[in-house]
Amino acid sequence: MTSNIRTIALATLVAIASLSQTLHAQTAPNSARVNVPFSFDYGTKHFAHGVYTLTREGMNVLRISSGTENAMAVIQTGWMPTRIKSSEVVFRKYGDRYFLDEVLIADLGADITVNESKAEKSAARELAQRGSQPATLALAFLPEHTLGN
Numbered sequence: 108m109t110s111n112i113r114t115i116a117l118a119t120l121v122a123i124a125s126l127s128q129t130l131h132a133q134t135a136p137n138s139a140r141v142n143v144p145f146s147f148d149y150g151t152k153h154f155a156h157g158v159y160t161l162t163r164e165g166m167n168v169l170r171i172s173s174g175t176e177n178a179m180a181v182i183q184t185g186w187m188p189t190r191i192k193s194s195e196v197v198f199r200k201y202g203d204r205y206f207l208d209e210v211l212i213a214d215l216g217a218d219i220t221v222n223e224s225k226a227e228k229s230a231a232r233e234l235a236q237r238g239s240q241p242a243t244l245a246l247a248f249l250p251e252h253t254l255g256n
């Protein structure tokens, strides 16, 4: 009898957790736009300057697109509501090359970090060998940002 109660309780908890994630995913929007005034790298692709749409696809993938160009990369999401003051896209600059680094979403307290590509790791090594550190540059979302889960 005790075993059956535990099984029912566990099943109920799993169902509630699944339902709350499903409802959150359905109500939270998943895209934002940003105007990038310089060329940059994301994942394995190189992008020219322009307006880009960022779209979360599941918990671990971020897609960036503009017209016919698009790419996907693996991301990690953290939640830091007290640290994030504004919604923005952050780039790292190594010499004259920019790489998409993270997306900060103030109203959700989300910090979406893009995993470093091989090209970025190489650029970081070259810069470190010269005794320099990368710079960072943050760009605000265009009005009506909605990037979430």
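Quick note on my numbering: the sequence shown kicks off at 108 and runs consecutively.
Note that CB positions come from ideal geometry on N, CA and C, so glycine has one too.
Predicted, not measured: the structure shown is a model, and the values here were computed from it.
Secondary structure of S146, DSSP reduced to three states: coil
Beta-carbon proximity of I191 to D218, cut-off 8 angstroms: yes
Backbone CA spacing between G238 and D214 [nearest angstrom]: 37 angstroms
Residues near L249 by beta carbon distance below 8 angstroms, same chain, minus five either side: A139, R140, V141, N142 and V158
Exposure label - D203; buried when at least 16 CB within 10 Å: exposed
Alpha-carbon spacing of A247 relative to Q236, whole angstroms: 32 angstroms
Extent of the continuous beta strand (DSSP E) run through S173: V168 to S173
Cβ-Cβ distance between P241 and R199 below 8 angstroms: yes
Distance, M166 Cα to E223 Cα: 17 angstroms
Own chain residues within Cβ distance below 8 angstroms of T243, not counting five before or after: V197, F198, R199, K200 and D208
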